[in-house]
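Whatever position you read off the sequence shown (first residue = 1), add 10 for the working numbering.
Just so you know, even glycine gets a beta-carbon here, dropped at the ideal spot from N, CA and C.
The next block holds one structure in the form of structure tokens; read it before the comments.
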Amino acid sequence: MNTSHIRYQRTSNFQVHIFEKNALEINYPFQRVATKRVSNVQENKPTSGENCRVAQKRKANSSFELHHIDKKSKGKQVITTPIERAKSFKTCNPSFVLVMGASYVKSRFLLTIPSKFGQTHFDLDKKRGDIYFQVLNGRVWPARYSIRMCSIRLKFELTSGWKEFAKDNDLKVGDACNFELISNTILTFNVHIFRQPDSDNTNCSTLKLN
11 MNTSHIRYQR TSNFQVHIFE KNALEINYPF QRVATKRVSN VQENKPTSGE NCRVAQKRKA
71 NSSFELHHID KKSKGKQVIT TPIERAKSFK TCNPSFVLVM GASYVKSRFL LTIPSKFGQT
131 HFDLDKKRGD IYFQVLNGRV WPARYSIRMC SIRLKFELTS GWKEFAKDND LKVGDACNFE
191 LISNTILTFN VHIFRQPDSD NTNCSTLKLN
């Protein structure tokens, strides 16, 4: 009776050698069968700038629609503040975060852009100019800004237009806004709003737009 010997070469293919009882391998013609390797691994491709914007918009829509966390929900769920959510919101563009104080959203409606951000991204040769704020549904609010020296640093203030934006978007004290600069040629910001939880309403809420 013939015997066989199997040798494993660390692949999925086996070569079978058949020997006579005298330990000599038999003479046999054989045809090698071609095999194909099938890979189920999907290559990781770098994200392009356009894809980055699409991914960002998808993420922005998610956080834009869901601002409040149900305090009564079951399970271990961490309740975060508006400022924490605004700061953790990632964009592909320069941005800054402001918590709405009384002077921003009540009688005076005075908004000041952080000096460091303004010095980096504004045209310092212009002492005043146009600026635009928009939300994710595409609605845009025009405004005006001015630059002046205050003490030892430049101050970037909104002189008009902010009141309309704050009222139309129903901004409240304690809300946090992430201002994403999407154009510094014509100063335009995407404003991502993170609501202060309402003590009378513990359910998830969405930002209401006109």
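Query, Result
"Beta-carbon spacing of Leu-181, Val-107 below 8 Å", "no"
"Nearest neighbour of Ile-123, chosen from Ser-170, Phe-166, Val-145 [CA to CA]", "Phe-166"
"Cβ neighbours of Thr-198 in the same chain (closer than 6 Å, five flanking residues each side left out)", "Tyr-142, Ile-192"
"Test item: CB-CB of Arg-118 and Arg-138 under 8 Å", "no"
"Close-in-space but distant-in-sequence residues of the same chain around Val-109 (CB under 6 Å, 5 per side omitted)", "Ile-93, Ala-186"
"Other residues of its chain near Leu-120: CB distance less than 6 Å, five sequence neighbours each side excluded", "Ser-113"
"4 or more residues per run - each alpha helix (DSSP H) lying fully within the region 84–146", "92–98, 112–115, 125–131"
"Extent of the continuous alpha helix (DSSP H) run through Lys-177", "172–178"
"Nonlocal neighbours in the same chain, by C-beta distance under 7 Å from His-131, ignoring five residues either side", "Pro-104, Leu-191, Asn-194"
"C-beta atoms of Phe-127 and Trp-151 nearer than 8 Å", "no"
"Three-state secondary structure assigned by DSSP to Val-150", "strand"
"Per DSSP, the bridge partner or partners of Lys-188", "Here the sequence assigns Asn to residue 188, which means Lys is not the residue at that position. DSSP lists Val-107, His-202 as partners of Asn-188."
"Three-state secondary structure (DSSP) of Lys-182", "coil"
"Beta-bridge partners of Ser-193, as assigned by DSSP", "Thr-198"
"Residue closest to Phe-99, alpha-carbon to alpha-carbon, out of His-202, Lys-177, Arg-163", "His-202"
"Within 8 Å, strictly: CB atoms of Ser-125 and Arg-163", "yes"
"Nearest residue (CA-CA) to Ser-156, options Asp-178, Gly-148, Gln-129, Leu-146", "Gln-129"
"Short Cβ contact (8 Å threshold) for Asn-223 with Val-145", "Within the shown structure, residues of the chain are numbered from 11 to 220, placing residue 223 beyond reach of any answer."
"Residues of its chain near Arg-224, where Cβ-Cβ distance is below 8 Å and the 5 sequence neighbours each way are ignored", "Residue 224 lies beyond the residue range present for the chain, which begins at 11 and ends at 220; the question has no answer from this structure."
"Burial state of Arg-149 (16 or more Cβ within 10 Å)", "exposed"
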